[in-house]
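**Student:**
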Ligand code: FES
């Protein structure tokens, strides 16, 4: 590659393209960097910090950090695995996530990350916040108990659907996703087929009346861990132990 940018990730030399972030260059090279608020084709928000790496020794969000010539990136280290595990742990106790009852189980990126990181029990006390469910729309619903405030629905609505149907209101522990109309989901023009709905990584934004049409056991992350598709060899086998 003529204008390639050489960098090192976990001791492996890779080549990226100008304008790429660490996450994108790593992905092209078959290196998975865990992520939650990042989604392909959306402007990166850099908010969840699950993708934290050390770039030239400094902690950076891989989804927003541009690559540079000779950059040395640490990704799969015990320090970073612990940091990411703690952040995922906190997301679980900060909301109300009951995977065994959730329609998104098996397709949920938060749940899949927990499995990948070996999280089987809560490390921190549950906050059990009182959060609202809005089922006022004929096709979809928002369950704020499962919202991790990644903002993917909001960015997808604006950048892919050409709407601005979702945004944040409140601050700190009171922060929550809200609809642009202010009158609830039923007062918006969001449709079940909109990118905003499919952008949700958890079971917060769900389409009604299709629950469990794909049986548990046959869902995306039931057969392989999250990130395995990036780490797969050409023959489809995963390099991950
Ligand atoms: S995926 Fe990079 S900060 Fe969320």
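In the numbering used here, the protein residues as written are 1249 to 1489.
Virtual Cβ for every residue (Gly too), placed ideally from N, Cα, C.
(1) If you compare alpha carbons, which of 1326, 1327 and 1310 is closest to residue 1319?
(2) Which one of 1360, 1300, 1477 and 1406 has the shortest CA to CA distance from residue 1331?
(3) Can you tell me whether residue 1279 is buried or exposed? The criterion is at least 16 other CB atoms within 10 Å of its CB, across all chains shown.
(4) Taking C-beta to C-beta, are residue 1414 and residue 1428 nearer than 8 Å?
(5) In the DSSP assignment, what are the bridge partners of residue 1365?
(6) Mind the definition here: the region 1350-1366 touches the region 1461-1474 only if three or more C-beta pairs lie below 8 Å; say whether that holds.
(7) On the DSSP bridge list, what partners appear for residue 1319?
(8) Give me the Cα-Cα distance between residue 1257 and residue 1444, rounded to the nearest whole angstrom.
(9) Cβ of residue 1332 versus every heavy atom of the ligand FES: is any distance shorter than 7 Å?
(10) Tell me where the alpha helix (DSSP H) around residue 1445 begins and ends.
**Tutor:** Put simply:
(1) Minimum Cα-Cα distance from residue 1319 among the listed residues 1326, 1327 and 1310 corresponds to 1310.
(2) If we check each option's Cα against that of residue 1331, 1300 comes out closest.
(3) Buried.
(4) Yes, Cβ-Cβ distance for residue 1414 and residue 1428 is below 8 Å.
(5) Looking at the DSSP output, residue 1365 sits in no beta bridge, so it has no partner there.
(6) They touch, by the three-pair rule.
(7) Paired residue(s): 1255.
(8) Distance between the alpha carbons of residue 1257 and residue 1444 is about 32 Å.
(9) Because no heavy atom of the ligand FES lies under 7 Å away, the Cβ of residue 1332 does not count as near it: no.
(10) It spans 1443-1446 - the alpha helix (DSSP H) in which residue 1445 sits, taken as one unbroken run.
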